[in-house]
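Trainee:
2 protein chains.
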Amino acid sequence: MSRIRFYNARILTMKDKEITEGELWTDGSAIEYIGAGKPSDRAFDREIDCKGNLLMPGFKNAHTHTAMTFARSLADSANLHDWLYDHIFPIEARLKDEHIYWLSKIGYAEYLAGGITACFDMYFNKEAQARCATDTGIRHVFCGSVNDFGGIDKLEDEFIRFNDYGDLISYKLGFHAEYTTSMENMKIINDIVHKFEAPLFVHISETKAEVDGCRERYGMSPVKLLSEMGMYDFGGGGFHCVWFDDEDMEIFRNRGLWSVFNPCSNLKLASGAAGFKDFIDNGMNIALGTDGAGSNNSLNIFREMFLAACLPNLKVEGGAFVDPFTILKAATTGGALCMGLTDSDVLDEGKNADIIMIDMSNPTMNPVNDIVANLVFSGHPGIVKMTMIAGKILYENGEYKTIDLDEADRMSNKLLGELL
Amino acid sequence: MSRIRFYNARILTMKDKEITEGELWTDGSAIEYIGAGKPSDRAFDREIDCKGNLLMPGFKNAHTHTAMTFARSLADSANLHDWLYDHIFPIEARLKDEHIYWLSKIGYAEYLAGGITACFDMYFNKEAQARCATDTGIRHVFCGSVNDFGGIDKLEDEFIRFNDYGDLISYKLGFHAEYTTSMENMKIINDIVHKFEAPLFVHISETKAEVDGCRERYGMSPVKLLSEMGMYDFGGGGFHCVWFDDEDMEIFRNRGLWSVFNPCSNLKLASGAAGFKDFIDNGMNIALGTDGAGSNNSLNIFREMFLAACLPNLKVEGGAFVDPFTILKAATTGGALCMGLTDSDVLDEGKNADIIMIDMSNPTMNPVNDIVANLVFSGHPGIVKMTMIAGKILYENGEYKTIDLDEADRMSNKLLGELL
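Same order as they appear, the protein sequences are chains A and B.
Under the numbering used here, the first residue of the first sequence is numbered 278, with each subsequent residue one higher.
Under the numbering used here, the first residue of the second sequence is numbered 278, with each subsequent residue one higher.
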């Protein structure tokens, strides 16, 4: 339990957009103190001169498939359907625990280097993934990944097991998507939702074809279908949310559901661009995610922020000019609340010490007019100087504390070679 | 004159998309050898084990206003017109040589850290800028910056002076834009174009309002106007090229003119998105630039590549799926040829040693399916391990050799405070 004092820091708590100067102390897992310098009655294990660098909550990657690093830059010229069915599903059928472990480790390394302290992950082989997350020390929230290919028989057990696995691991009910899941299976999922009175998450309205198909099958949009079935009776939300109509918006707003946007992935797979600005203007709950490395191809939350802030300028005559603080909130606080990480949403005394340090000496942060705008419009993973999760520094000045990057690179490339 | 041997390298010459493994030797300014390992009859000053990292030509930032770092994250919610007239022009009127020097230094630092080895820069106070470029050791191509506010009386002298200034500096004729330059001044510029038989560059068709205004004033698009005046008789090109119609495309293609795209800036200022895919399909000459830090807000060529490759997916039904190598070429070779840097376009024996090293151990580059796709779809400045210009290493593992970053940060912030 290492007690750390950060001093000479700029601090952005994300409770509001103010940036203060002062100190932040951590007690080994939580934030002990934020404020002006003052004497401490106990010794620190380490004192870090921040030299004016910025402390802020870590980014929350609110939709991803971490282990899909195998698909990074594999088959880059396909729409979602062809990419999934021709390239991804056949490889996924061959994935074993060892693949999941090492392919996830590369993903976690990318998260840590890019200031991401928690992810909301939908994938298979969850035991291997939980082991990798625990070895890495990252906060990992599973999302149920049921579809007609499998998972339905394990959903309830997984929900119980991974909500009782360890401090860093939790689990939310979820399934892949309406278009890959039969009504019979959706009804089973719905029963589990009601049994546990738990929120539910799902890929939703990612492509026009998906929404059209659902309308053909059920005479209504996926959002309306799930809502009418009672799937959203205990909250939750959806990933992508690109092709929402007014009624879908209304349902999500009335139920307080989370829309998790993945603008890079949607852009790259030619799925479209979500109506970010409309969601914001309607005061809806929004978060950001990278989606998997196969469709993005990076796990870089800064690029998601830039796109969510700027793509609306293409749609709104004269420019939408989204407030960057709203976007930064979606990428930090919003993601945390969406994933149920209510103790990792902002920097405050007693909250989890899930903190990143931004290098304010980096040229892209200078000269300083507006740090929040800078993070959203200029930021990239290279400005992340330190990443701490649950009070442990896991990444600092380019070095990993819990990951042997050479080994992870070697193993992921070796296993990729066997998979293809 | 430092002779350097890079070994255990992956090498992407950009002559084609092949990546080979081997060695690259530099002789202090140029590339001496690329190929398999072999004995050298002379000693090297330094031998660098690349450990499988990638050597490739540096990126060329083919449109920028480097000194505009003062405007980074200043007034982020304005369209081009309001942003220029209400925020930028009033500050620019107060810029002195000292501002240009230090504000440019921050920009150059960002270029080096992001793998940019040359820039095509349109701004004022060119003596101060040339001094800063020379002190930094970066390859700097000036573009004439005439408009009705000034510059016309200096254009010819500047053209002569900065094409005879030093190895790293050159100058192309240019002016700000049709909408800021009277016909009288355009005619003077046109005379100079013809006197020197020189290519000409200009902001063109950046916004719909600009094109509409030109049609009102002259009954034709800016492209057609300049073409009919003879401005493009000796080549050149335009920056932005967002609102081209078929006739504009035809003129640019027939004359072999360069279209320099700035997707981030256009997106952020709500100017629109250029028809990248149409330009590519028509086999036109294309390059990429960041524009200034005021409108971007970073000087990150990776983000430009991602957007140029992916934004067409929003326009083309079913997806455009632009070939990433075409985009990487625009950002390296294309930029070089556009700027007249015919010895810095690709890696080859006798070419300028303008080389960057990409960190292949970075998680965002692993596991390795397709390095070219990875650079375009996943890359960010944090993966640049080394930047060499004219045979000199200027940036390596986060350290600058010719820039005191602390001093540049301090001076740029001090001067910013005085400007606002």
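Idealized CB from N, CA, C, for every residue including glycine.
Taking DSSP as the reference, what is the three-state secondary structure of glycine 384 of chain B?
Mentor: Against the second sequence, residue 384 of chain B aligns to sequence position 107. DSSP places glycine 384 of chain B in helix when its eight states are reduced to three.
Trainee: Listed from N- to C-terminal order along the chain, which residues in the region 630-646 of chain B have their beta-carbon within a distance smaller than 7 Å of any beta-carbon of chain A?
Mentor: Taking 7 Å as the Cβ-Cβ cut-off against chain A, the residues of the region 630-646 of chain B that qualify are Ser638, Pro640, Thr641, Asn643, Pro644, Val645 and Asn646.
Trainee: Between threonine 458 of chain A and valine 423 of chain A, which are expected to be in contact by the criterion C-beta below 8 Å, what is the C-beta distance as a whole number of angstroms?
Mentor: By 1-based counting over the first sequence, the position of residue 458 of chain A is 181. By 1-based counting over the first sequence, the position of residue 423 of chain A is 146. Confirmed, about 7 Å.
Trainee: Following the continuous beta strand (DSSP E) through asparagine 467 of chain A, name the residue where it begins and the one where it ends.
Mentor: Numbered from its first residue, the first sequence carries residue 467 of chain A at position 190. Careful: asparagine 467 of chain A lies outside any beta strand (DSSP E), inside the alpha helix (DSSP H) at 460-473.
Trainee: Scan the region 347-373 of chain A for residues whose Cβ lies nearer than 7 Å to a Cβ of chain B and list them as they occur along the chain.
Mentor: Correct list: Phe347, Arg349, Ser350, Leu351, Asp353, Ser354 and Asn356.
Trainee: For aspartate 686 of chain A and chain B, any beta-carbon pair shorter than 8 Å?
Mentor: One-based indexing of the first sequence puts residue 686 of chain A at position 409. So yes, aspartate 686 of chain A belongs to the interface.
Trainee: Between which two residues does the beta strand (DSSP E) harbouring phenylalanine 347 of chain A extend?
Mentor: Taking the first sequence and counting its residues from 1, one reaches residue 347 of chain A at position 70. Careful: phenylalanine 347 of chain A lies outside any beta strand (DSSP E) and carries neither H nor E.
Trainee: Between the Cα of arginine 687 of chain A and those of B:Asp293, B:Arg319 and B:Lys328, spot the shortest distance and give me the residue it belongs to.
Mentor: The sequence position of residue 687 of chain A within the first sequence is 410, counting from 1. Selected option, being the one with the closest Cα: B:Lys328.
Trainee: For lysine 545 of chain A, decide whether its Cβ has a neighbour in chain B, counting only Cβ atoms nearer than 8 Å.
Mentor: Here residue 545 of chain A is taken as the residue at index 268 of the first sequence, counted from 1. Yes, because at least one Cβ of chain B sits closer than 8 Å to the Cβ of lysine 545 of chain A.
Trainee: Which residues bound the alpha helix (DSSP H) around phenylalanine 366 of chain A?
Mentor: As a working mapping, residue 366 of chain A is identified with position 89 in the first sequence. Counting along the chain, the alpha helix (DSSP H) containing phenylalanine 366 of chain A begins and ends at 366-369.
Trainee: Among residues of its own chain, excluding the 5 on either side of valine 649 of chain A, which ones have a beta-carbon nearer than 7 Å to its beta-carbon?
Mentor: Working through the first sequence from its first residue, we reach residue 649 of chain A at position 372. Same-chain partners within the cutoff: Lys294, Pro601, Phe602 and Leu605.
Trainee: Who are the near neighbours of glycine 566 of chain B in its chain, counting only those whose CB is closer than 6 Å to its CB and skipping five residues on each side?
Mentor: The count along the second sequence starts at 1 and reaches residue 566 of chain B at position 289. Closer than 6 Å at the Cβ level, and outside the excluded window around glycine 566 of chain B, lie Asn338, Ala339, His340, Thr341, Val537 and Asn539.
Trainee: Output yes if chain A places a C-beta closer than 8 Å to the C-beta of asparagine 440 of chain B; else output no.
Mentor: Here residue 440 of chain B refers to the residue found at position 163 when the second sequence is read from its first residue. By this cut-off, asparagine 440 of chain B is not an interface position.
Trainee: Considering only C-alpha positions, which residue in the set B:Arg494, B:Leu502, B:Ile528 and B:Gly507 is nearest to glutamate 474 of chain B?
Mentor: By 1-based counting over the second sequence, the position of residue 474 of chain B is 197. The shortest C-alpha separation from glutamate 474 of chain B is found at B:Gly507.
Trainee: On the criterion of 16 or more Cβ atoms from any shown chain inside 10 Å, does asparagine 531 of chain B qualify as buried, or is it exposed?
Mentor: One-based indexing of the second sequence puts residue 531 of chain B at position 254. The residue in question, asparagine 531 of chain B, is exposed, as its Cβ has fewer than 16 Cβ neighbours within 10 Å.
Trainee: Is the separation between the beta-carbon of glutamate 300 of chain A and that of arginine 280 of chain A shorter than 8 Å?
Mentor: Numbered from 1 along the first sequence, position 23 holds the residue referred to as residue 300 of chain A. Numbered from 1 along the first sequence, position 3 holds the residue referred to as residue 280 of chain A. The answer is no: Cβ separation not under 8 Å.
Trainee: Tell me which residues of the region 404-427 of chain A have at least one Cβ-Cβ distance to chain B shorter than 8 Å, keeping chain order.
Mentor: Of all residues in the region 404-427 of chain A, none has a Cβ within less than 8 Å of some Cβ in chain B.
Trainee: By the criterion of Cβ-Cβ separation under 7 Å, what are the contact partners of alanine 550 of chain B in chain A?
Mentor: Looking up residue 550 of chain B in the second sequence gives position 273. Correct list: Leu591.
Trainee: With DSSP collapsed to three states, give me the class of phenylalanine 283 of chain A.
Mentor: In the first sequence, residue 283 of chain A corresponds to position 6, counting from 1. Note: phenylalanine 283 of chain A maps to strand in three-state DSSP.
Trainee: Per DSSP, which residues does leucine 652 of chain B bridge with? Please list them.
Mentor: In the second sequence, counting from the first residue as 1, residue 652 of chain B sits at position 375. None, per the DSSP bridge assignment.
Trainee: List the residues of chain A whose Cβ lies closer than 7 Å to the Cβ of glutamate 387 of chain B, in chain order.
Mentor: Mapped onto the second sequence, residue 387 of chain B falls at position 110. Simply Pro640 and Thr641.
Trainee: If I'm right that methionine 665 of chain B touches aspartate 636 of chain B with Cβ under 8 Å, what's the distance once you round it to whole angstroms?
Mentor: If you number the second sequence from 1, residue 665 of chain B lands on position 388. If you number the second sequence from 1, residue 636 of chain B lands on position 359. Rounded, the Cβ-Cβ distance is 15 Å, inconsistent with contact.
Trainee: Would aspartate 563 of chain A and alanine 607 of chain A qualify as a contact pair, given that the criterion is a beta-carbon distance under 8 Å?
Mentor: In the first sequence, residue 563 of chain A corresponds to position 286, counting from 1. In the first sequence, residue 607 of chain A corresponds to position 330, counting from 1. Looking at the sequence shown, residue 563 of chain A is not aspartate but isoleucine. Contact flag set, yes.
Trainee: Return yes when the Cβ of valine 479 of chain A is within less than 8 Å of the Cβ of serine 447 of chain A, no when it is not.
Mentor: By one-based count along the first sequence, residue 447 of chain A stands at place 170. By one-based count along the first sequence, residue 479 of chain A stands at place 202. No, they are not a contact pair.
Trainee: In chain B, which residues lie less than 9 Å from alanine 252 of chain A when you measure between Cβ atoms?
Mentor: Because chain A is modelled from 278 through 697, residue 252 of chain A falls outside the range shown and cannot be assessed.
Trainee: Could you give the first and the last residue of the continuous beta strand (DSSP E) run that contains proline 334 of chain B?
Mentor: As a first step, residue 334 of chain B must be located in the second sequence, where it is residue number 57. Segment 331-334, the beta strand (DSSP E) holding proline 334 of chain B.
Trainee: State yes or no: is the beta carbon of glycine 335 of chain A nearer than 8 Å to at least one beta carbon in chain B?
Mentor: The sequence position of residue 335 of chain A within the first sequence is 58, counting from 1. Closer than 8 Å: no.
Trainee: For the region 660-676 of chain B against the region 617-633 of chain B, are there 3 or more C-beta pairs whose distance is under 8 Å?
Mentor: The region 660-676 of chain B is in contact with the region 617-633 of chain B.
Trainee: To the nearest angstrom, how far is it from the Cα of alanine 390 of chain A to the Cα of asparagine 674 of chain A?
Mentor: Within the first sequence, numbered from 1, the residue matching residue 390 of chain A stands at position 113. Within the first sequence, numbered from 1, the residue matching residue 674 of chain A stands at position 397. Rounded to whole angstroms, alanine 390 of chain A to asparagine 674 of chain A spans 9 Å at the Cα level.
Trainee: Which runs of the beta strand (DSSP E) spanning at least 3 residues fall entirely within the region 525-564 of chain B, listed in chain order?
Mentor: Within the region 525-564 of chain B, the complete beta strand (DSSP E) runs of at least 3 residues are 535-538.
Trainee: Can you find the residues in the same chain that come closer than 8 Å, C-beta to C-beta, to isoleucine 308 of chain B, ignoring five residues on each side of it along the sequence?
Mentor: The sequence position of residue 308 of chain B within the second sequence is 31, counting from 1. Cβ neighbours of isoleucine 308 of chain B beyond the five flanking positions: Leu301, Trp302, Leu624, Asp625, Glu626, Gly627, Lys628, Asn629, Ala630 and Ile632.
Trainee: For arginine 287 of chain A, go through chain B and note every residue whose CB falls closer than 7 Å to its CB, in chain order.
Mentor: The count along the first sequence starts at 1 and reaches residue 287 of chain A at position 10. Result: empty, since nearest Cβ-Cβ is about 13 Å, beyond 7 Å.
Trainee: Contact check, glutamate 387 of chain B vs leucine 692 of chain B under 8 Å by CB: the rounded distance?
Mentor: As a first step, residue 387 of chain B must be located in the second sequence, where it is residue number 110. As a first step, residue 692 of chain B must be located in the second sequence, where it is residue number 415. Incorrect: roughly 17 Å between the Cβ atoms, too far for contact.
Trainee: With 8 Å as the C-beta to C-beta threshold (strictly closer), list the residues of the region 552-577 of chain A near chain B in chain order.
Mentor: Of all residues in the region 552-577 of chain A, Ala570, Asn573, Asn574, Ser575, Leu576 and Asn577 have a Cβ within less than 8 Å of some Cβ in chain B.
Trainee: Could you name the residues of the same chain whose beta carbon sits closer than 6 Å to that of phenylalanine 556 of chain B, not counting the 5 residues immediately before and after it, in chain order?
Mentor: Working through the second sequence from its first residue, we reach residue 556 of chain B at position 279. Answer for phenylalanine 556 of chain B: Ser536 and Ile563, listed in chain order.
Trainee: Closer than 8 Å, CB to CB, is aspartate 683 of chain B near chain A or not?
Mentor: As a first step, residue 683 of chain B is located in the second sequence; it is residue number 406 there, counting from the start. With 8 Å as the cut-off, aspartate 683 of chain B counts as an interface residue toward chain A.
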